[in-house]
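So my numbering is basically just the index in the sequence shown, starting at one, shifted up by 525.
Below is one structure, written out as C-alpha cells; the observations come after it.
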Amino acid sequence: GSDASAVATRAVLDGDEWVINGTKQWITNGGEAEIYTVFCVTDPTRGARGVSTIVVEKGTPGFTFGKKENKMGIRASATRELIFQDCRVPKENVLGKPGSGFFNAMKTFDMSRPGVASQALGIAQGALDIAVNYSRERRQFGQPISAFQGMQFMLADMAMKVEAARALVYAT
C-alpha cells in the first residue's frame, strides 16, 4: 500500500508560489487527468503534520510524466510517474491548511479502498470464469478435467473464496 507518512516530494514557499521538486510513482491516471492533488512535504520538521496537499494542473511548467507502465492487470487506467522539477504553483493551490495533507491522504485512501476491493473481486471472478471454462474444454483420459474430483475441489474452493470476497465487498 501507499505510505502517506513517507512523502519525499518537497514544496518550498517562494514568495507567492510553491516550488515543487520530486517524483510520485505508480500514479493512477497519470498523464490522463487535467488536475492533480499532490502530497508534498512543506515543513520537514513536523513529520506527517508537515505534509500539505497542493493542486497542480497538467501543463504547468516543470510538471512532466514518465513512461506509461506496462501492467499485468487494470490496464484500463494509465499508470505513470509524475515528475516535478522546479514546478511553480500559486500559494493558494494548497487544499485546506498547510500541514493537513497526511489527513487528506488518509481520507482519500479510506474512500478508495472499496473501489480497490471491487477491482480485486472482478479480477478473481474473471480468473474463476476462465478456470471453469478451461476445465470444461480440457480433456484427459477421454473426459473433461472438470469431471475429476480433485479439479472440482479446487474450483469449489476458488468459487467459495470469490463469494466470500463478494460478500465483504457488498457489505462495505
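Beta carbons: idealized from backbone N, C-alpha and C, even for Gly.
The structure presented is a predicted model; accordingly, all values stated were derived computationally and were not measured.
Collapsing the DSSP output to three states places Arg638 in a helix.
Counting every other CB atom within 10 Å of its CB across the protein chains shown gives Thr567 a total of 16 or more, marking it as buried.
Beta bridge pairing from DSSP links Arg574 with no other residue.
In this structure, Lys593 sits near Thr604, with a CB-CB distance shorter than 8 Å. Around the Cβ of Lys549, a 10 Å sphere holds 16 or more other Cβ atoms; the residue is buried. Taking C-beta atoms as the reference points, Ala529 and Ala684 fail to come closer than 8 Å. Counting only the Cα atoms, Phe609 lies some 16 Å from Asn554.
If you look at Val537, you'll find it isn't in any alpha helix (DSSP H); it sits in the beta strand (DSSP E) that goes 535-539. Contact annotation: Gly640 and Thr578 have beta-carbon atoms that are not nearer than 8 Å. A residue is called buried once 16 or more other Cβ atoms fall within 10 Å of its Cβ, and Pro623 is buried on that count. Boundaries for Lys592: no beta strand (DSSP E) harbours it, and the DSSP string shows neither H nor E there. DSSP places Arg691 within a helical segment (H, G or I) once states are collapsed to three.
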